[in-house]
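For reference, the structure discussed in these notes is given below.
Protein chains: 2
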Amino acid sequence: MVAPLKVGIAGLGTVGAEVVRLIDQQSRVLSARCGRGVRVVAVCARSKAKKRALDLRGVEWARSPLALASHPDIDVFVELMGGADDPALSAIEAALTRGKSVVTANKALIAKHGSKLAALAEAHGGALNYEAAVGAAIPIIKTLREGLAGTGIQRVYGILNGTCNYILTRMEQEGLSFAECLKDAQRLGYAEANPSFDVDGHDTAQKLAILASLAFGTKVNQKAVYVEGISSIAPEDLRAAEELGYRVKLLGVAVKTETGIEQRVHPTMVPRTSSIAQVMGVTNAVTIDGEGIPPITLVGPGAGGAATASAVVADIADIARGVRALPFGRPVAKLKQTTKAPMKHHAGGYYTRLMARDLAGTAATIATRLAEQKISIESIVQRHPDGGAAAANGRSAPVPVILITYATSEDAVHRALQAVRQDKVITGRPQVIRIEKN
Amino acid sequence: MVAPLKVGIAGLGTVGAEVVRLIDQQSRVLSARCGRGVRVVAVCARSKAKKRALDLRGVEWARSPLALASHPDIDVFVELMGGADDPALSAIEAALTRGKSVVTANKALIAKHGSKLAALAEAHGGALNYEAAVGAAIPIIKTLREGLAGTGIQRVYGILNGTCNYILTRMEQEGLSFAECLKDAQRLGYAEANPSFDVDGHDTAQKLAILASLAFGTKVNQKAVYVEGISSIAPEDLRAAEELGYRVKLLGVAVKTETGIEQRVHPTMVPRTSSIAQVMGVTNAVTIDGEGIPPITLVGPGAGGAATASAVVADIADIARGVRALPFGRPVAKLKQTTKAPMKHHAGGYYTRLMARDLAGTAATIATRLAEQKISIESIVQRHPDGGAAAANGRSAPVPVILITYATSEDAVHRALQAVRQDKVITGRPQVIRIEKN
Chain S
1 MVAPLKVGIA
11 GLGTVGAEVV
21 RLIDQQSRVL
31 SARCGRGVRV
41 VAVCARSKAK
51 KRALDLRGVE
61 WARSPLALAS
71 HPDIDVFVEL
81 MGGADDPALS
91 AIEAALTRGK
101 SVVTANKALI
111 AKHGSKLAAL
121 AEAHGGALNY
131 EAAVGAAIPI
141 IKTLREGLAG
151 TGIQRVYGIL
161 NGTCNYILTR
171 MEQEGLSFAE
181 CLKDAQRLGY
191 AEANPSFDVD
201 GHDTAQKLAI
211 LASLAFGTKV
221 NQKAVYVEGI
231 SSIAPEDLRA
241 AEELGYRVKL
251 LGVAVKTETG
261 IEQRVHPTMV
271 PRTSSIAQVM
281 GVTNAVTIDG
291 EGIPPITLVG
301 PGAGGAATAS
311 AVVADIADIA
321 RGVRALPFGR
331 PVAKLKQTTK
341 APMKHHAGGY
351 YTRLMARDLA
361 GTAATIATRL
371 AEQKISIESI
381 VQRHPDGGAA
391 AANGRSAPVP
401 VILITYATSE
411 DAVHRALQAV
421 RQDKVITGRP
431 QVIRIEKN
Chain B
439 MVAPLKVGIA
449 GLGTVGAEVV
459 RLIDQQSRVL
469 SARCGRGVRV
479 VAVCARSKAK
489 KRALDLRGVE
499 WARSPLALAS
509 HPDIDVFVEL
519 MGGADDPALS
529 AIEAALTRGK
539 SVVTANKALI
549 AKHGSKLAAL
559 AEAHGGALNY
569 EAAVGAAIPI
579 IKTLREGLAG
589 TGIQRVYGIL
599 NGTCNYILTR
609 MEQEGLSFAE
619 CLKDAQRLGY
629 AEANPSFDVD
639 GHDTAQKLAI
649 LASLAFGTKV
659 NQKAVYVEGI
669 SSIAPEDLRA
679 AEELGYRVKL
689 LGVAVKTETG
699 IEQRVHPTMV
709 PRTSSIAQVM
719 GVTNAVTIDG
729 EGIPPITLVG
739 PGAGGAATAS
749 AVVADIADIA
759 RGVRALPFGR
769 PVAKLKQTTK
779 APMKHHAGGY
789 YTRLMARDLA
799 GTAATIATRL
809 AEQKISIESI
819 VQRHPDGGAA
829 AANGRSAPVP
839 VILITYATSE
849 DAVHRALQAV
859 RQDKVITGRP
869 QVIRIEKN
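So the protein sequences, as listed, match chains S and B. Numbering-wise, my numbering puts 226 at position 226 of the first sequence, and it's gapless, one number per residue. Here my numbering runs 438 ahead of the position in the second sequence, where the first position is 1.
If you want it as structure tokens, here you go:
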């Protein structure tokens with residue numbers, strides 16, 4: 001019998017505690033699966049005194065994450081503290097430099113320092129596993145890194161942030177505003193007091209940067225991701241989407257184009273019949289378009305202590321079994337640089353909602369301006385004005401005009417809308433939402 | 439640089455040819471991913487003379503699968519001939535006995551001989567990988583074997599046969615009969631000339647037996663699977679399902695119960711809002727309920743040359759990287775025996791469609807008979823009789839009565855329906871479909 005794998009865990013919050021519990025509860029199965037035991041031998045946490053429903057007898061308390069990472073008795077350093085930089089970063093570096101393996105659930109850190117850490121892991125022969133960093137228990141890292149090892153990837157996209165999907169789902173189902181649903185999400189603990197990181201798309205962007213690296217063999221680079229959040233989405237957009245056969249989701253999309261890898265996060269109209277459109281509430285999902293094969297979609301919990309711990313323990317089990325996958329599936333030296341794709345070159349269909357000053361001439365003006373940019377219109381819907389309100393105002397109230405275009409360039413859409421604004425037939429800013437076909 | 443992995447492929451049909459093509463096309467990526475090249479050095483096929491759009495220069499032709507499997511120059515024997523027994527079986531045994539690794543897409547063979555072959559692989563140190571055997575490119579084997587290594591599984595279920603799902607989808611969407619849709623499926627090449635293996639559930643049962651083994655640490659045993667096909671499903675059932683908020687799918691379900699592992703394949707009512715209900719046409723999907731975590735669903739192509747080849751090449755890549763996972767995730771000596779669960783103990787909700795002789799007394803009789811068996815009714819719907827037809831007949835035409843029960847035992851349902859039949863208030867055989875909640 002091989003000696004047990006000795007694990008040190010930094011961070012005993014919800015996830016850390018669940019990992020300790022799971023390793024204990026599943027110890028017999030883990031031994032059978034790995035051909036050796038898995039044992040937590042040391043931990044550290046901000047407060048040792050804090051009450052925890054954990055049996056930590058016989059487990060050493062390290063005085064710092066760095067001390068734990070360098071501890072001669074541990075084989076694997078499990079980083080569950082969070083934070084893109086120190087102390088997590090130097091602790092992980094210390095572990096990797098000593099040839100130890102590292103497991104982390106820290107997307108911010110992998111998105112920022114992933115390539116550098118992967119190079120360290122490679123140089124010293126340790127593993128760097130981070131399945132829990134994207135989509136928690138959904139095995140998306142393993143699928144891209146191993147399960148599709150022999151298949152070229154054309155596109156990977158998904159719902160990577162449960163908070164945004166929860167808000168969009170409630171807005172759609174109950175006709176509520178963004179602000180109302182955000183407040184509810186905060187009350188229920190699905191959104192932070194400062195929700196910007198989630199609702200402005202940055203959380204999704206970090207996860208997308210990681211998936212893009214795995215899918216396309218590029219250096220993980222969150223700065224190469226175009227980011228747009230969901231706060232501009234109105235209930236009217238969701239209603240219009242429904243009528244037109246779409247649903248609005250905050251997607252992270254990484255796609256191979258003629259000019260390179262396009263990485264973008266933005267509210268997106270997806271066909272209602274697509275797998276991704278069915279994903280409701282806090283659930284996450286990722287779709288992978290492999291070359292020559294129909295899409296593969298993985299759906300599941302994107303967060304939560306138990307789901308995250310499940311992925312962390314699977315990562316540890318791989319190490320116990322002796323598996324040392326390259327962190328991004330290929331040697332770091334072979335990973336290519338990516339740059340931010342200019343969105344003006346993005347090609348696709350567009351949804352646009354404009355507020356027309358009056359019904360008669362506006363549609364014709366809009367159609368003309370689009371035609372000038374060679375944009376073909378798939379559908380154009382004009383809402384009936386609210387006659388009562390208009391009469392009360394003594395003048396026509398603005399009327400929503402909703403357009404769906406066939407594939408065109410973002411540049412062309414912006415030029416056409418700019419012209420429409422100069423024609424003064426609309427009020428306010430046009431709402432524009434990109435369409436992603438499956 | 440490590441020497442390239444030398445691969446021998448038995449079977450050059452659609453999948454085999456695609457594997458050869460993919461290994462060639464992806465050779466640079468595979469080298470980067472695996473740290474060594476992957477090279478097809480020998481093949482065999484029923485006819486060497488057959489025209490193939492393949493570049494096989496420099497590739498040796500073995501005179502038989504057995505000769506290929508025993509070939510001293512190959513590291514991995516890839517079996518793509520099919521058939522549950524010889525010649526595939528003895529060739530695989532020959533390869534494993536020589537310490538070579540084996541990759542196969544052969545579900546019938548793994549379902550029948552999986553445990554025995556896994557023991558051979560274990561004893562001689564080779565891998566036995568079969569990702570393509572269930573759900574083609576959907577990484578379900580890897581997910582159960584590695585991705586959820588640290589999580590107890592409560593239930594695994596899915597749509598594992600594209601033919602059946604195609605037929606049920608068309609029946610539902612177009613109101614067609616089973617026979618009409620089967621004929622179309624055969625015309626389009628989705629169903630065999632002898633469709634029994636697919637539509638009677640045996641294909642699903644083989645795949646389920648494999649998934650159950652991985653999920654629950656049992657010896658794969660297709661004889662332990664209760665099997666019922668889709669030929670009894672009528673358009674009326676699909677219409678009723680829609681009205682009641684369900685959809686009918688042929689599911690394979692393996693679930694941990696108090697008395698053991700229940701494995702069953704049968705038409706199933708699933709809630710329309712569930713991920714599995716959204717899966718249409720030939721697409722496959724598997725949902726895994728891990729202990730304490732929300733369900734994870736994997737959706738994708740369950741068949742097709744490119745999708746199957748994708749999984750085969752990923753399996754080869756794992757071997758090239760040096761990974762030797764236990765074929766069923768645990769040592770064969772630790773796998774438990776399973777027996778067929780008696781369906782009369784199955785507990786769940788039931789859909790029943792009865793043809794009532796006349797409307798007035800029947801509902802009361804049925805309700806009474808169900809109450810005697812302590813079965814609670816969730817809903818009971820009586821269709822309006824077709825007055826015209828009834829008048830033309832000179833007597834009342836039978837009227838469909840549709841029942842949904844709360845969870846009860848199969849035994850109780852059968853006893854109640856037996857009593858209803860003896861009451862002579864219905865004609866014909868009652869239709870009974872089990873309900874699976876998510």
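Built from N, CA and C at the ideal position, the CB exists for glycine as well. All values reported here derive from a predicted model rather than from experimental measurement.
Please check if any C-beta of chain S sits within less than 9 angstroms of the C-beta of Val737 (chain B).
yes
Is there a Cβ of chain S sitting closer than 9 angstroms to that of Ala522 (chain B), yes or no?
no
Give the straight-line distance between the Cα atoms of Val432 (chain S) and Arg272 (chain S), rounded to the nearest whole angstrom.
Each residue's CA atom was taken as its position, placing Val432 (chain S) and Arg272 (chain S) some 19 angstroms apart.
Contact belief for Ser115 (chain S) with Val332 (chain S) at Cβ below 8 angstroms, rounded distance in angstroms
6 angstroms
Between the Cα of Gly300 (chain S) and those of S:Thr97, S:Lys223, S:Gly158, S:Gln422, spot the shortest distance and give me the residue it belongs to.
S:Gly158
DSSP puts Leu689 (chain B) in a beta bridge; with which residues?
B:His704
How would you call Glu258 (chain S), buried or exposed, if buried means at least 16 neighbouring beta carbons within 10 angstroms?
exposed
Listing by chain order, which chain S residues have their CB less than 7 angstroms from the CB of Pro397 (chain B)?
The displayed coordinates of chain B run from 439 to 876. Any statement about residue 397 (chain B) would go beyond what the structure contains.
List, in chain order, every chain S residue whose beta-carbon is nearer than 7 angstroms to that of Ala744 (chain B).
Gly292, Ile293
Confirm, please, whether the CB-CB distance from Ala522 (chain B) to Phe515 (chain B) is below 9 angstroms.
no
Which residues in the same chain as Asp237 (chain S) place their Cβ atom closer than 7 angstroms to its Cβ, once the five residues preceding and following it in sequence are excluded?
Residues of the same chain with a CB within less than 7 angstroms of the CB of Asp237 (chain S), apart from the 5 flanking positions on each side, are Val248, Arg353, Gln431, Ile433 in chain order.
Inter-residue spacing [alpha-carbon to alpha-carbon] between Gly454 (chain B) and Gly600 (chain B):
Gly454 (chain B) and Gly600 (chain B) have their C-alpha atoms some 21 angstroms from each other.
Which chain B residues sit within Cβ distance under 9 angstroms of Lys336 (chain S)?
In chain order: nothing, as chain B lies at least about 11 angstroms away.
Should Gly826 (chain B) be flagged as near chain S, meaning a C-beta pair shorter than 9 angstroms?
Residue placement at Gly826 (chain B) cannot be trusted, given a pLDDT of 45 that sits under 50; the coordinates are not used to answer.
Buried versus exposed, by CB contacts within 10 Å (16 or more), Pro510 (chain B)
exposed
Take Gly304 (chain S) and list the residues in its own chain whose beta-carbon comes closer than 7 angstroms to its own, dropping the five residues that flank it on each side.
Contacts found: Ala136.
Using the three-state DSSP reduction, which class does Thr776 (chain B) fall into: helix, strand or coil?
coil
Quick check on this structure: which residue in B:Ala500, B:Lys444, B:Glu569, B:Ala794 has the alpha carbon closest to the alpha carbon of Leu652 (chain B)?
B:Glu569
For Tyr166 (chain S) and Asp203 (chain S), I'd like the C-alpha separation in whole angstroms.
Approximately 15 angstroms between the Cα atoms of the pair.
Who are Asp289 (chain S)'s beta bridge partners in DSSP?
S:Arg155
Out of S:Arg28, S:Ala42, S:Val43, which one is the CA nearest neighbour of Arg36 (chain S)?
Considering only alpha carbons, the answer is S:Arg28.
Of the listed residues B:Ala487, B:Arg501, B:Asn876, nearest to Gly787 (chain B) (C-alpha basis):
B:Asn876
If you draw a straight line from the alpha carbon of Val102 (chain S) to that of Ala191 (chain S), how long is it in whole angstroms?
29 angstroms
Between Leu586 (chain B) and chain S, is any beta-carbon pair separated by less than 9 angstroms?
yes
Say whether the region 311 to 319 of chain S touches the region 578 to 593 of chain B, bearing in mind that this needs 3 or more beta-carbon pairs closer than 8 angstroms, one atom from each stretch.
The answer is yes - the region 578 to 593 of chain B touches the region 311 to 319 of chain S, with three or more Cβ pairs under 8 angstroms.
Kindly list, in the order they appear in chain S, the residues whose Cβ is closer than 7 angstroms to that of Thr581 (chain B).
Pro139
Which of helix, strand or coil does DSSP assign to Ala94 (chain S)?
In the three-state scheme derived from DSSP, where H, G and I count as helix and E and B as strand, Ala94 (chain S) is classed as helix.
Any chain S beta carbon closer than 9 angstroms to Ile461 (chain B):
yes
Length at least 3, wholly inside the region 749 to 809 of chain B: the beta strand (DSSP E) runs in chain order:
785 to 794
Cβ separation of Val265 (chain S) and Gly281 (chain S), assumed to be a contact under 8 angstroms, to the nearest whole Å:
At roughly 19 angstroms, the Cβ-Cβ gap does not stay under 8 angstroms, so Val265 (chain S) and Gly281 (chain S) are not in contact.
Quick one: list the residues of chain B neighbouring Ser115 (chain S), beta-carbon separation under 7 angstroms, in chain order.
Near Ser115 (chain S) there are no residues of chain B at all, since even the closest Cβ is about 15 angstroms away, more than 7 angstroms.
Can you tell me which residues form a DSSP beta bridge with Phe515 (chain B)?
B:Gly446, B:Val540
Would you kindly check if the distance between the Cβ of Leu120 (chain S) and the Cβ of Leu96 (chain S) is under 9 angstroms?
yes
State yes or no: is the beta carbon of Arg501 (chain B) nearer than 9 angstroms to at least one beta carbon in chain S?
no
Since Asp75 (chain S) meets chain B, which of its residues come closer than 8 angstroms, beta carbon to beta carbon?
Within chain B, no residue comes near Asp75 (chain S); the closest Cβ sits about 16 angstroms away, beyond 8 angstroms.
Determine which residues share a DSSP beta bridge with Glu60 (chain S) and list them.
S:Ala42
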